[in-house]
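Heads up, the thing below is written out as structure tokens.
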Amino acid sequence: MPLVTTKEMFKKSMKEGYAIGAFNVNNMEIIQAIMDAAAESKSPVILQASSSAIKYARINYLMKMVEAAIEEHPEVPVAIHLDHGPDFETAKMCIDAGFTSVMIDASKYDFEKNVEITKKVVDYAHMKGVVVEAELGTLAGVEDEVNVSDDDARYTNPEQAKEFVEKTGCDSLAIAIGTSHGAYKFKGEAKLRFDILAKVKELIPNTPIVLHGASTVIPELVEMCNKYGGDIPGAKGVPDEILNKASKSGVSKINVDTDLRLAMTAGIRKVFVEEPNAFDPRKYLSPARELIKETVKHKMIDVFGSSNKI
Ligand code: PGH
Ligand code: CA
Ligand code: ZN
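By this note's numbering, the letter at position 267 of the sequence shown is numbered 269, and the numbering carries on one by one without gaps.
What follows is the structure, given as structure tokens:
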């Protein structure tokens, strides 16, 4: 199967009430792990790269690795997506390079400017058969190269969301309902504003909704990092039960980056501590790759409900 947009994936996911995982990639091992997980659990999948990930991996390498992945797993529907595109130029570069989906994140601007920038990307993308995710509302946390403090975070206004989608023609919308990027999402109890999600779904029932900052910050992986020499105290994410509820409540795309980073780091740290004489990268990257695969499979099967949906 060639690369696909998210159109059909989201149509089916909205009809049947599950979410599709969008996993951040920046190297070969991560791409292989995600694709193997998708193939083994028979799940559609979105591979996404932020602009800094694209700078790191280089866009041609990324595209060739994704090409290899779909050749190896032709039965898996795969979309390649730009995560948090900062401007029109970056979105255009990705569209021209063969991305099937782009996000334009102009959520840091006021409503009118967000509409204007998003609309420009939508016009270009649609001309090329590419879909666009936009964002309204502001998440706290570190997002690619931008750091938003808790005080500057704002929930999405459902009425504005409707107006925004009508004015921009975006294909999907990322909303802010209490998640945040990174490993420190909640100081107290983890809580999301499901009332805002419900209102958004009521007003724009046909627009796929995206949840950013949605890693579980899997406690076992944090413990493993800390046990083997790491120092990540007090990390806390969105529990699986809440993500499972979101998947059944109209969220179509759930973004995961932090959990993959933790899995990779935990896997490498363990080898370094247990086998201090190991210096073959394959020796420490293989267990890390395996751990990422198991993490992604768990999400597809037990949390998002996207397994067996191919
Ligand atoms: C995300 C990932 N990427 O765009 O929203 O969020 O930090 O929770 O993995 P996490
Ligand atoms: Ca944003
Ligand atoms: Zn994000």
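Just so it is clear, CB atoms sit at the ideal spot from N, CA and C, and this is done for glycine as well.
- request: May I ask you to check if the CB of His183 is nearer than 7 Å to at least one heavy atom of ligand 3?
  value: Counting from one through the sequence shown, the residue named residue 183 turns up at place 181. Answer for His183: yes, Cβ within range of ligand 3.
field: Any non-hydrogen atom of ligand 1 within 7 Å of His300 CB
entry: By 1-based counting over the sequence shown, the position of residue 300 is 298. False, no ligand heavy atom lies under 7 Å from that Cβ.
- request: Identify which residue in Val78, Asp107 and Ala71 has its Cα closest to the Cα of Gly87.
  value: Within the sequence shown, the letter at position 85 stands for residue 87. For Gly87, the nearest C-alpha among the options comes from Asp107.
message: For a test of the three-state rule: what should DSSP assign to Leu84, helix, strand or coil?
response: On the sequence shown, residue 84 is found 82 positions in, with the first residue counted as 1. Strand at Leu84.
- request: Pull up the DSSP beta-bridge partners for Ala176, would you.
  value: On the sequence shown, position 174 is the one that residue 176 refers to. In the DSSP output, where bridge partners are listed per residue, Ala176 has Glu137 and Val212.
- prompt: For ligand 1, is there a heavy atom less than 7 Å away from the beta-carbon of Val123?
  reply: As a first step, residue 123 is located in the sequence shown; it is residue number 121 there, counting from the start. Every heavy atom of ligand 1 is 7 Å or more from the Cβ of Val123, so no.
- prompt: How big is the Cα-Cα spacing for Thr267 and Gly231?
  reply: Here the question's residue 267 lines up with position 265 in the sequence shown. Here the question's residue 231 lines up with position 229 in the sequence shown. In a straight line, the C-alpha of Thr267 is about 11 Å away from that of Gly231.
- request: Flag Leu141 as yes when its Cβ comes closer than 7 Å to any non-hydrogen atom of ligand 2, and as no otherwise.
  value: Along the sequence shown, read from residue 1 onward, the residue named residue 141 stands at position 139. Within the cutoff, so yes.
query: If you count every other CB in all the chains shown that lies within 10 Å of the CB of Glu31, and 16 or more means buried, which is it?
result: Position 29 of the sequence shown, counted from the first residue, corresponds to residue 31. By the neighbour-count rule (16 or more Cβ atoms within 10 Å), Glu31 is buried.
message: Could you compute how far the alpha carbon of Glu222 sits from the alpha carbon of Leu175?
response: Looking up residue 222 in the sequence shown gives position 220. Looking up residue 175 in the sequence shown gives position 173. So the two alpha carbons sit approximately 31 Å from each other.
- request: Would you check whether ligand 2 has a heavy atom nearer than 7 Å to the C-beta of Asp85?
  value: For the purposes of this step, residue 85 is taken as residue 83 along the sequence shown, with counting starting at 1. Result no, Cβ not under 7 Å from ligand 2.
task: Could you tell me whether the stretch 236-248 touches the stretch 273-287, using the rule of 3 or more Cβ pairs below 8 Å?
output: no
Thr158 and Thr120 closer than 8 Å at C-beta: Walking along the sequence shown from the start, residue 158 turns up at place 156. Walking along the sequence shown from the start, residue 120 turns up at place 118. Cβ distance not < 8 Å, so Thr158 and Thr120 don't count as in contact.
- request: Quick one: grab the DSSP three-state call for Gly307.
  value: One-based indexing of the sequence shown puts residue 307 at position 305. Of the three classes helix, strand and coil, the one that applies to Gly307 here is coil, per DSSP.
task: Please confirm whether any heavy atom of ligand 3 lies closer than 7 Å to the CB of Gly23.
output: Sequence index remark: in the sequence shown, residue 23 carries index 21 (1-based). Because no heavy atom of ligand 3 lies under 7 Å away, the Cβ of Gly23 does not count as near it: no.
- prompt: At what residues does the beta strand (DSSP E) containing Ala51 begin and finish?
  reply: For the purposes of this step, residue 51 is taken as the residue at position 49 of the sequence shown. From DSSP, the beta strand (DSSP E) with Ala51 extends over Val47 to Ser52.
query: Heavy atom of ligand 1 less than 7 Å from the Cβ of Ser217, yes or no?
result: Along the sequence shown, one-based indexing puts residue 217 at 215. Result yes, Cβ under 7 Å from ligand 1.
- request: Alpha carbon to alpha carbon, how far is Leu213 from Ile256? Give it in angstroms, no decimals.
  value: For the purposes of this step, residue 256 is taken as the residue at position 254 of the sequence shown. For the purposes of this step, residue 213 is taken as the residue at position 211 of the sequence shown. Cα to Cα, the separation comes out at about 5 Å.
- request: Give me the Cα-Cα distance between Ile211 and Glu277, rounded to the nearest whole angstrom.
  value: One-based indexing of the sequence shown puts residue 211 at position 209. One-based indexing of the sequence shown puts residue 277 at position 275. Distance between the alpha carbons of Ile211 and Glu277: 45 Å.
query: Is there at least one non-hydrogen atom of ligand 1 closer than 7 Å to the beta-carbon of Thr92?
result: Counting from 1 along the sequence shown, the entry for residue 92 is found at position 90. For ligand 1, not one heavy atom lies less than 7 Å from the Cβ of Thr92.
- prompt: Is any heavy atom in ligand 1 found nearer than 7 Å to the beta carbon of Thr8?
  reply: Taking the first residue of the sequence shown as position 1, residue 8 is located at position 6. No - ligand 1 has no heavy atom lying nearer than 7 Å to the Cβ of Thr8.
query: Between the C-alpha atoms of Val68 and Ser43, what's the straight-line distance to the nearest angstrom?
result: Taking the sequence shown and counting its residues from 1, one reaches residue 68 at position 66. Taking the sequence shown and counting its residues from 1, one reaches residue 43 at position 41. Rounded to whole angstroms, Val68 to Ser43 spans 19 Å at the Cα level.
- prompt: Leaving out the 5 sequence neighbours to the left and right, which residues in its chain are closer than 8 Å to Pro79 when beta-carbon positions are compared?
  reply: As a working mapping, residue 79 is identified with position 77 in the sequence shown. Excluding positions up to five away in sequence, the list reads Met3, Val6, Glu10, Met11, Pro46, Val47 and Ile312.
query: Span of the alpha helix (DSSP H) holding Asn26?
result: What you label residue 26 is simply residue 24 of the sequence shown in a count that begins at 1. No alpha helix (DSSP H) holds Asn26; the beta strand (DSSP E) holding it covers Ile22 to Asn26.
task: With a threshold of 7 Å, establish whether the CB of Asp261 neighbours any heavy atom of ligand 2.
output: Looking up residue 261 in the sequence shown gives position 259. Outside the cutoff, so no.
task: Please name the residue, chosen from Val258, Ala41, Tyr58 and Ser54, that lies closest to Glu77 on a Cα-to-Cα basis.
output: Looking up residue 77 in the sequence shown gives position 75. Nearest C-alpha to Glu77: Ala41.
- prompt: How many whole angstroms separate the CB atoms of Tyr20 and Ser308, which I take to be in contact at a CB cut-off of 8 Å?
  reply: By 1-based counting over the sequence shown, the position of residue 20 is 18. By 1-based counting over the sequence shown, the position of residue 308 is 306. Tyr20 to Ser308, Cβ: 5 Å. Contact.
field: Val253 beta carbon near ligand 1 (any heavy atom closer than 7 Å)
entry: As a working note, residue 253 is residue 251 in the sequence shown. Result no, Cβ not under 7 Å from ligand 1.
- prompt: Should His214 be listed as close to ligand 3, given that the test is whether its C-beta is under 7 Å from any heavy atom?
  reply: Looking up residue 214 in the sequence shown gives position 212. Under cutoff, so the answer is yes.
DSSP-derived helix/strand/coil call for Ala142: Taking the sequence shown and counting its residues from 1, the one referred to as residue 142 is at position 140. In the structure shown, Ala142 sits in a strand (DSSP, three-state: E or B).
task: Below 8 Å on the Cβ atoms is my guess for Ala93 versus Ala127; work out the distance and round it to an integer in Å.
output: Position 91 of the sequence shown, counting from 1, holds the residue named residue 93. Position 125 of the sequence shown, counting from 1, holds the residue named residue 127. Rounded, the Cβ-Cβ distance is 7 Å, consistent with contact.
task: State the start and end residues of the unbroken alpha helix (DSSP H) segment that holds Asn116.
output: Translated into the one-based positions of the sequence shown, residue 116 becomes position 114. Start and end: Phe113 to Met129.
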